[in-house]
Each structure stands twice: as C-alpha cells, then as structure tokens.
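Chains V and H, in that order, are what the protein sequence lines are. Going by the numbering used here, the first residue of the first sequence is number 1, and it counts up by one from there. Going by the numbering used here, the first residue of the second sequence is number 217, and it counts up by one from there. Virtual Cβ for every residue (Gly too), placed ideally from N, Cα, C. Remember, predicted model here, so these are calculated numbers, not experimental data.
Protein chains: 2
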Amino acid sequence: MRKPFKLDLYLVTDRDLSLGRPLREIVEKAVKGGVTMVQLREKSASTRDFIQEALEIKSFLRHHGIPLVINDRVDVALAIDADGVHLGQSDMHWEMARRLLGPDKIIGLSIEKEKQLKEANEADIDYIGISPVFTTPTKKELEKGLGLKGTSEIAHNSKHLSVAIGGINLSNVTDVLRTGTNGVSVVSAICSAEDAEAAARALAEVIKQVKQESRL
Amino acid sequence: MRKPFKLDLYLVTDRDLSLGRPLREIVEKAVKGGVTMVQLREKSASTRDFIQEALEIKSFLRHHGIPLVINDRVDVALAIDADGVHLGQSDMHWEMARRLLGPDKIIGLSIEKEKQLKEANEADIDYIGISPVFTTPTKKELEKGLGLKGTSEIAHNSKHLSVAIGGINLSNVTDVLRTGTNGVSVVSAICSAEDAEAAARALAEVIKQVKQESRL
Numbered sequence: 001m002r003k004p005f006k007l008d009l010y011l012v013t014d015r016d017l018s019l020g021r022p023l024r025e026i027v028e029k030a031v032k033g034g035v036t037m038v039q040l041r042e043k044s045a046s047t048r049d050f051i052q053e054a055l056e057i058k059s060f061l062r063h064h065g066i067p068l069v070i071n072d073r074v075d076v077a078l079a080i081d082a083d084g085v086h087l088g089q090s091d092m093h094w095e096m097a098r099r100l101l102g103p104d105k106i107i108g109l110s111i112e113k114e115k116q117l118k119e120a121n122e123a124d125i126d127y128i129g130i131s132p133v134f135t136t137p138t139k140k141e142l143e144k145g146l147g148l149k150g151t152s153e154i155a156h157n158s159k160h161l162s163v164a165i166g167g168i169n170l171s172n173v174t175d176v177l178r179t180g181t182n183g184v185s186v187v188s189a190i191c192s193a194e195d196a197e198a199a200a201r202a203l204a205e206v207i208k209q210v211k212q213e214s215r216l
Numbered sequence: 217m218r219k220p221f222k223l224d225l226y227l228v229t230d231r232d233l234s235l236g237r238p239l240r241e242i243v244e245k246a247v248k249g250g251v252t253m254v255q256l257r258e259k260s261a262s263t264r265d266f267i268q269e270a271l272e273i274k275s276f277l278r279h280h281g282i283p284l285v286i287n288d289r290v291d292v293a294l295a296i297d298a299d300g301v302h303l304g305q306s307d308m309h310w311e312m313a314r315r316l317l318g319p320d321k322i323i324g325l326s327i328e329k330e331k332q333l334k335e336a337n338e339a340d341i342d343y344i345g346i347s348p349v350f351t352t353p354t355k356k357e358l359e360k361g362l363g364l365k366g367t368s369e370i371a372h373n374s375k376h377l378s379v380a381i382g383g384i385n386l387s388n389v390t391d392v393l394r395t396g397t398n399g400v401s402v403v404s405a406i407c408s409a410e411d412a413e414a415a416a417r418a419l420a421e422v423i424k425q426v427k428q429e430s431r432l
C-alpha cells in the first residue's frame, strides 16, 4: 500500500539555497515547524553521496511519519527504499518509473502546461506538482510562471491531488492555496530562511487557517 | 545468465569529446571498426534524454551482439534493460547495484588505488576498470595516473578480468596491454577521432597482434 501523504506543506530541498548548512539540519527544523512531506533534490552530488544523505534523512523522517520522495533519481529511491519519486517532464517517464518502483510507491509528476494534464489525468500517479506558479531563481529555464489563474485551472482540472510550487512564500501562500491546490511546495522560503523551523511554522499556520476557512 | 563479454577494445562515450557528432554515429562506426563493448556515460543529459539515447544505441548494439553497459545510473540501466552498469568509487555501491539489477547483469567497478582491490576481489562483480593509467583531460579530479607499473600490479592481483582506462591511444596501447590487462578502454582515441571507424580498426588490430604474441 502506498504510504498516506499530506501535500499541505511540502519541502523541496536545495543544497545551493541552504546557506551552507547541512540539508539534514534544514529538514529536521522544517519538520519541527510543521512540514508534511519532503522531497530530496540533488543535481550535482555524486550518486554515493546522494544515497548516503537520503538514508540519513529517511531515517529521521520515518521516525516522524513524514514521507520522503526523491526527485528524478529512481535508482536512489530504490536503493534507499524511499516512499516515492517526483518526476519532471524531462525525467524518466512515469510509466517506466511505476514499473521499476512497483505499485506501493508514491509518484508525483510536474505539470508545466495545461496540455500536459491530459496524460497526467490518465496516469497511475499520486499527485501533480503545478510548476511554477511564480517565476523563481531555482527554475531559470522557465521564462514565466503559470500565475494564480493558470494554477487554478490546472488544479481544478486535475484528477489527482495537486501541490503548487514556484516562488511561494508567506506573503502569497494564502492566494496560492485559494486557487484550489491541496498544498504548497516551498524551496527557498524554508531552505534559505535564517530560522527554518520558524519559517515552516509560520507557513504551516497560514495553511491551516486557509484550509479551515475553505471548509466553512 | 550474464551476457558474455570481451573487454578487448571497450569504448566509453563522451558527448563533450565527440566534436558535436551524435553518439550513435560514433558508436556505429566504432563497432564497424572492431569495438567489443560499449559503455554509455552521460553526466549532464536529462534522465529522459539519457534513456532515449541509450535505447537507440542498445537497439543497434543488440543487433551486433555487443554488450551495452551504463555508467553510474542504475535507473537508466534498469529502464532500458542494459547488459550492465559500470560503477566508479563515488557511484552506487556494487552490492546495492547487484541487489537492484539481479544476478544476470554485468557489473564493472573502477579501481583507482591498489588498496581498493581487496574489496573488489571479494565482490560479486564481473570486471574491474583500472583507472587512470595515464592522466587524461576527461578525469580532471585525478592528479596522476597509475602508470604502467601500477596498472600491472593491479591487473595481476585482480581476481576479476580487468580493463585499463585513461589516456590510451595507438601509441601506447601495446605497452598498456603488456601490463596484463584483458583489454583497454578508450574515450577520446575514438570519440574525438576524425574517422572513428578507422581509429577503432587500428586499435583493434594492434590489440589482436599483442594478444596473439602473448599466447606464443
């Protein structure tokens, strides 16, 4: 059975944006602050270092019941028995990943354009990442964001749960959640915060409030 | 059963050294010239592009009975059902790779120091890559090569088949083979050659001669 997961406040790590601090430290503080899910993203580490880091973070997260998803690298996910993978449009195709990972793992898929939604809606995946909501320095190749309107359209037409990512912080998280996504992904809003725990807690509280309002 | 393989003339691809030509073209010419094994190495391509390229090259190589090994990326090897992987000392540990790939795949392991041989000799792998024989611009991080003496020592103390790599070309291939390795790996001597087929053929002929002499 796939591990139950909550997309509410989904941390995506970025070593370059972590001000030199170990990722494990950021993740621990973020979880204390209320992060509900973690994605480990490594673009330059060696495979061995990536695996070692992922093993350490997995051991911490399992203890706290927080799912760990690996960005792109199905080999790393298999090696450490992660809870799943997150795949971009230039990563392994979801169908191949599902075949390699089996039915019990979480697969997330990035959606960058409304037209990618058709395939995603028919895919055996668990959630979509709507990306990017706003332009952000961590995704230089994407010229402009989907905006709140684009995000809302994709979220409403998705058959899967959705999480929004890209330039989300305390000042816009309310607007983003009101588009109808199930949660928000953040990178620098937590990784680059001086106090990652306080940053996560502030976001988690706003998310909780907005979700309560929307149920009224 | 693991695919039978011959290390005699082992091509390792490098997109940056291929003078802008498609890797598939280099591989086809190299096989015509007499390459006995191919390793696909990609350090910057996206996972999807790597898989696509590997699928195309596999389809060609299967037709010619030449084994295809993927450098580092066990996920790509699994996705395309390659014949095996080649692992460096900072890639996935061989034991984990064997677990993920099963007993039927070839695993090669790079040995950069005599002291790494002890573990390799007890490992469930198929060959070692002795690396680098000579310093080479494709492995900037390694300060100096093992030289012919270092290569010979590792080759003779290895319980596995061995292939030498690093700065090998037509002018030194005879000396390298006489150290006792089962074959040589080349990158730029074929990838950067104006005529990859002629370059492979010239190397293959020297290798054949040296191997015949050593049997006299």
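Local Cβ density within 10 Å of residue i, reported as buried at 16 or more and exposed below that
| i | result |
| --- | --- |
| S275/H | exposed |
| H302/H | buried |
| S44/V | exposed |
| K29/V | buried |
| D75/V | buried |
| R73/V | buried |
| M37/V | buried |
| T174/V | exposed |
| E25/V | exposed |
| L7/V | buried |
| E114/V | exposed |
| E180/H | Residue coverage of chain H in this structure runs from 217 to 432, which leaves residue 180/H outside it and unanswerable. |
| S171/V | exposed |
| S214/V | exposed |
| P19/V | Correcting the residue identity first, residue 19/V is Leu in this sequence and not Pro. Result: exposed. |
| E269/H | buried |
Option in the options with minimal Cα separation from residue i
| i | options | result |
| --- | --- | --- |
| I223/V | E194/V, S90/V, V187/V, Q39/V | In the structure displayed, chain V extends from 1 to 216; residue 223/V sits before or after that span and is not available. |
| P348/H | L317/H, F221/H, A371/H, E335/H | A371/H |
| L284/H | S262/H, V247/H, S306/H | V247/H |
| E42/V | R21/V, H63/V, P22/V, R15/V | R15/V |
| A380/H | T263/H, S326/H, L294/H, L239/H | S326/H |
| A189/V | P4/V, L7/V, M1/V, L11/V | L11/V |
| A200/V | G150/V, R48/V, N71/V, S185/V | S185/V |
| S378/H | T395/H, T351/H, R431/H | T395/H |
| K334/H | S374/H, F266/H, G399/H | S374/H |
| D307/H | L148/V, D49/V, G145/V | D49/V |
| G345/H | T351/H, S234/H, L364/H, G324/H | G324/H |
| P4/V | T151/V, A82/V, G33/V, I66/V | I66/V |
Residue i: first and last residue of the uninterrupted alpha helix (DSSP H) it sits in
| i | result |
| --- | --- |
| Q212/V | 196-215 |
| M92/V | Run containing M92/V: none; DSSP gives neither H nor E here. |
| A54/V | 47-64 |
| V38/V | No alpha helix (DSSP H) contains V38/V, which is instead part of the beta strand (DSSP E) from 37-40. |
| V389/H | 389-393 |
| L148/V | 147-157 |
| I26/V | 23-33 |
| I296/H | 290-296 |
CB contact below 8 Å: residue i versus chain V
| i | result |
| --- | --- |
| V349/H | no |
| A336/H | no |
| A409/H | no |
| L316/H | yes |
| L256/H | no |
| K217/H | Note that residue 217/H is Met in the sequence shown here, rather than Lys. Chain V contact via Cβ: absent. |
Residue-level contact to chain H via CB, residue i, 8 Å cutoff
| i | result |
| --- | --- |
| I51/V | yes |
| D91/V | yes |
| L109/V | no |
| T47/V | yes |
| R73/V | yes |
| A79/V | yes |
| M37/V | no |
Where the beta strand (DSSP E) through residue i begins and ends
| i | result |
| --- | --- |
| S110/V | 106-111 |
| V402/H | 399-402 |
Any 3 or more C-beta pairs closer than 8 Å across the stretch 94-101 of chain V and the stretch 122-129 of chain V:
With three or more CB-CB distances shorter than 8 Å, the stretch 94-101 of chain V counts as touching the stretch 122-129 of chain V.
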